[in-house]
Amino acid sequence: MTILFKHALDLAWNDGRLSRRGAVLLENLQDFLDLSDHERGVVEEKHSDEEVPFLITRGFGSGADLLDHWMATLLDLDEDLPLFLVSMGRSALETGITKQGWMDVSRAAESMGCEFDFARGVWEPEYEVESLEWPDALKPVAMALGLMSEEE
Amino acid sequence: MFVDETEEEDDDLYEALEVSTTAPAARGNDLLDALGEEEEEEFAEEEEAEVIATLDMGETMGGESEQEDTFFPQEEISEEEEDVDPFEELGALRPVSLNNNENAAVSDALAAFMDDEEDDEVDDLQEISLFEETKVEKVESEEEPKHEAKAEQKPKADPEELYRFLLEGVWVDDVLDPAEVALMSRKRRELKISFETHLKILKEILHD
């Protein structure tokens, strides 16, 4: 869950500034992910301390558009989201999944109502999983699972 | 000639002259024998006197009572000293002879051996019974702690707790691999733990 909200913060602050629209979208996302104020506060505080000071101001909060597009794409996955998460979970297991990676993605999948599916992809080897190429909307999930690096 | 000689023989000149007719050597031997007899008689008399004196001394020291206490009569002791049984004198048993008493001795030995065997058997029985008793006691004593241990370990023997223990071990190296997942999947089947329970335990482990 936090990995999704952190990704949303990165998008909203993309040009070095946070627009009002971007802040509203973050509020909406918090509600969608069922994120508590405390959890959100921990994520935002860390982002403000470690990311914002090093941002180069290039605009006036154009990152809100990126955030809106990402959220729309994520919500569009709908019924396909569980399949992607199962496939990503199995792929991560084959390469070796860390405890933190499991916890982060499991919490994110839980917030999207797909925790059970992701868990099956990881913990049920007898469960047949179709290998799928995951969409860009699940990039934060792939990064958390070590399926791709930040540079990619 | 002959008549004169016989007549002369009848008139013993030795007797007429009162001279001994025995040879001087024979007469010397007789004299020596006579002297020896006299000495022996004197020596025997002296010895007899000494023996009487010692007997008198023994009587005063109580030696007579010891002679009276002996089992055999004095005559037999004095006459048949070789027949004195030292074992009887010492009050000990005679050694077992190999002839007449052999069967008895063997039977006694066998009887003793049989007694030993019987004793051994009895001992064995007793030992067995004791062993069994102790074994039973041991079993009981072992069972008690086992029961107690079982009672104590019951929560630990709980499948969920066992699975939790295994699941904690999976994350020791901080990385989950397919082999560990396969193991946990097999354990879930063995312990009859549902996947939902697995997720619940996993959350408890990771969030604790």
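Here the protein sequences line up with chains U and B, keeping their order. Residue numbers for the first sequence, in our numbering: 1 to 152. Residue numbers for the second sequence, in our numbering: 1 to 208. Don't be surprised by glycine CBs; every beta carbon is placed ideally from N, CA and C. These numbers were taken from a predicted model, which means no experiment stands behind them.
Counting Cβ pairs, one atom from each stretch, are 3 or more of them under 8 angstroms apart for the segment 54-68 of chain U and the segment 96-111 of chain U?
At 8 angstroms Cβ cutoff, the stretches do not touch.
Taking C-beta pairs closer than 8 angstroms, name the residues in chain D that U:V122 reaches, listed in chain order.
In summary, chain D is missing from the structure at hand, where the protein chains are U and B.
Measuring CA to CA, which of B:D208, B:D173, B:L167, B:V175 is closest to B:R186?
On the second sequence, position 186 is the one that residue 186 of chain B refers to. Closest option to B:R186, Cα to Cα, is B:L167.
Could you work out which residues of chain B lie near U:A119, taking near to mean beta carbons separated by less than 7 angstroms?
Within the first sequence, residue 119 of chain U is the residue found at index 119, counting from 1. Going along chain B in sequence order, the residues near U:A119 (Cβ under 7 angstroms) are L199.
Within the 8 angstroms Cβ cut-off, does B:F195 reach chain U?
As a first step, residue 195 of chain B is located in the second sequence; it is residue number 195 there, counting from the start. B:F195 counts as touching chain U.
Just list the residues that DSSP pairs B:V209 with in beta bridges.
Summary: the structure shown does not reach residue 209 of chain B, with chain B confined to residues 1 through 208, and so no result is reported for it.
Measuring only the C-alpha atoms, how far is B:L206 from U:M103?
Your numbering for residue 206 of chain B matches position 206 in the second sequence. Your numbering for residue 103 of chain U matches position 103 in the first sequence. Rounded to the nearest angstrom, the two C-alpha atoms are 8 angstroms apart.
Any C-beta of chain U sitting closer than 8 angstroms to the C-beta of B:L191?
For the purposes of this step, residue 191 of chain B is identified with residue 191 of the second sequence, where counting begins at 1. Taking Cβ atoms only, chain U never reaches closer than 8 angstroms to B:L191, which makes this a no.
Does any CB atom of chain B fall closer than 8 angstroms to the CB of U:G96?
Taking the first residue of the first sequence as position 1, residue 96 of chain U is located at position 96. Yes, U:G96 counts as interfacial toward chain B.
Does chain B have any CB closer than 8 angstroms to the CB of U:P82?
Your numbering for residue 82 of chain U matches position 82 in the first sequence. Not one chain B Cβ lies under 8 angstroms of U:P82.
Are any of the Cβ atoms in chain B nearer than 8 angstroms to that of U:M88?
To locate residue 88 of chain U, count along the first sequence from 1; it is residue 88. It does not; no Cβ of chain B falls within 8 angstroms.
Could you tell me whether the Cβ of U:W13 comes closer than 8 angstroms to any Cβ of chain B?
On the first sequence, residue 13 of chain U is found 13 positions in, with the first residue counted as 1. Chain B, which has no Cβ nearer than 8 angstroms to the Cβ of U:W13, makes this no.
Taking only the alpha-carbon atoms, compute the straight-line gap between U:E146 and B:K192 and give it to the nearest angstrom.
Translated into positions along the first sequence, residue 146 of chain U becomes position 146. Translated into positions along the second sequence, residue 192 of chain B becomes position 192. The sequence shown places Gly at residue 146 of chain U, rather than the Glu named in the question. Cα-Cα distance, rounded: 32 angstroms.
Verify the CB distance criterion: does B:L206 have a CB-CB separation below 8 angstroms to chain U?
Counted from its first residue, the second sequence places residue 206 of chain B at position 206. It does: the Cβ of B:L206 has a partner Cβ on chain U nearer than 8 angstroms.
Can you list, in chain order, the residues of its chain with a C-beta nearer than 7 angstroms to that of U:A137? Leave out the 5 residues immediately preceding and following it.
Position 137 of the first sequence holds residue 137 of chain U. Excluding positions up to five away in sequence, the list reads W70, T73, L74, L77.
What alpha helix (DSSP H) runs, 4 residues minimum, are completely inside the segment 46-81 of chain U?
Whole alpha helix (DSSP H) segments, 4+ residues: 63-77.
Cβ of U:W102 less than 8 angstroms from any chain B Cβ?
By one-based count along the first sequence, residue 102 of chain U stands at place 102. It does: the Cβ of U:W102 has a partner Cβ on chain B nearer than 8 angstroms.
How far does the alpha helix (DSSP H) with U:K139 in it extend, from its first residue to its last?
As a first step, residue 139 of chain U must be located in the first sequence, where it is residue number 139. Start and end: 139-144.
Just mark U:A119 as buried or exposed, buried being the case when its beta carbon has 16 or more other beta carbons within 10 Å.
Sequence index remark: in the first sequence, residue 119 of chain U carries index 119 (1-based). It is buried - the Cβ of U:A119 has at least 16 other Cβ atoms within 10 Å.
What in chain B is Cβ-close to U:E126, meaning under 7 angstroms?
To locate residue 126 of chain U, count along the first sequence from 1; it is residue 126. Result: S185.
Let me check understanding here. Comparing Cα to Cα, which of U:A12, U:M88, U:G16, U:R17 lies closest to U:L26?
By 1-based counting over the first sequence, the position of residue 26 of chain U is 26. Among U:A12, U:M88, U:G16, U:R17, the Cα nearest to that of U:L26 is on U:A12.
Could one say the Cβ of U:L35 lies closer than 8 angstroms to chain B's Cβ atoms, at least one of them?
Here residue 35 of chain U is taken as the residue at index 35 of the first sequence, counted from 1. By this cut-off, U:L35 is not an interface position.
Buried or exposed for U:P53, going by 16 or more other Cβ atoms inside 10 Å?
The residue you call residue 53 of chain U lines up with position 53 of the first sequence. Per the 10 Å Cβ criterion, exposed.
Which term fits B:H198, buried or exposed, when burial requires 16 or more other beta carbons within 10 angstroms of its beta carbon?
Numbered from 1 along the second sequence, position 198 holds the residue referred to as residue 198 of chain B. That one is buried.
So, at 6 angstroms on beta carbons, what are the nonlocal neighbours of B:V136 in its own chain, with the 5 sequence-adjacent residues on each side left out?
Working through the second sequence from its first residue, we reach residue 136 of chain B at position 136. Residue placement at B:V136 cannot be trusted, given a pLDDT of 47 that sits under 50; what the coordinates show is reported in the next sentence. Nothing meets the Cβ criterion.
Beta-carbon of B:E132 versus every beta-carbon of chain U: anything under 8 angstroms?
Within the second sequence, numbered from 1, the residue matching residue 132 of chain B stands at position 132. Its pLDDT being 47, under 50, B:E132 is placed unreliably in this model, and the coordinates cannot settle the point.
Establish whether the CB of U:L170 and some CB of chain B are separated by less than 8 angstroms.
The question about residue 170 of chain U has no answer here: the residues shown for chain U are numbered 1 through 152.
Using CA coordinates, which residue listed in B:E190, B:V170, B:D33, B:K203 is at the minimum distance from B:D158?
Stepping through the second sequence from its first residue, residue 158 of chain B is reached at position 158. Taking only the C-alpha atoms, the option nearest B:D158 is B:E190.
Taking C-beta to C-beta, are U:L83 and U:L132 nearer than 8 angstroms?
As a working note, residue 83 of chain U is residue 83 in the first sequence. As a working note, residue 132 of chain U is residue 132 in the first sequence. Contact: yes.
Cβ closer than 8 angstroms: which chain B residues qualify as neighbours of U:K99?
Indexing the first sequence from 1 puts residue 99 of chain U at position 99. Residues of chain B passing the Cβ test: W171, D174, V175, L176, L206.
Would you decide whether U:S87 is buried or exposed? Buried here means 16 or more other CB atoms lie within 10 Å of its CB.
The residue given as residue 87 of chain U occupies position 87 in the first sequence. Its Cβ being crowded by 16 or more others within 10 Å, U:S87 is buried.
Would U:L26 pass as an interface residue toward chain B - the criterion being a Cβ-Cβ separation below 8 angstroms?
The residue given as residue 26 of chain U occupies position 26 in the first sequence. Cβ-Cβ to chain B under 8 angstroms: no for U:L26.
For chain B, check one thing: does any of its Cβ atoms lie closer than 8 angstroms to the Cβ of U:L85?
Numbered from its first residue, the first sequence carries residue 85 of chain U at position 85. Output row for U:L85: interface = no.
Would you give the residue range spanned by the alpha helix (DSSP H) that B:Y163 belongs to?
On the second sequence, residue 163 of chain B is found 163 positions in, with the first residue counted as 1. 159-170 is the extent of the alpha helix (DSSP H) around B:Y163.
Quick check on this structure: which residue in U:A108, U:R58, U:K46, U:S149 has the alpha carbon closest to the alpha carbon of U:I3?
Counted from its first residue, the first sequence places residue 3 of chain U at position 3. Out of U:A108, U:R58, U:K46, U:S149, U:A108 has the C-alpha closest to the C-alpha of U:I3.
Assuming the contact rule is C-beta atoms closer than 8 angstroms, U:H47 and U:P140 should be a hit. Round their C-beta distance to whole Å, please.
Sequence index remark: in the first sequence, residue 47 of chain U carries index 47 (1-based). Sequence index remark: in the first sequence, residue 140 of chain U carries index 140 (1-based). In fact, because the Cβ distance is near 13 angstroms, the residues do not count as touching under 8 angstroms.
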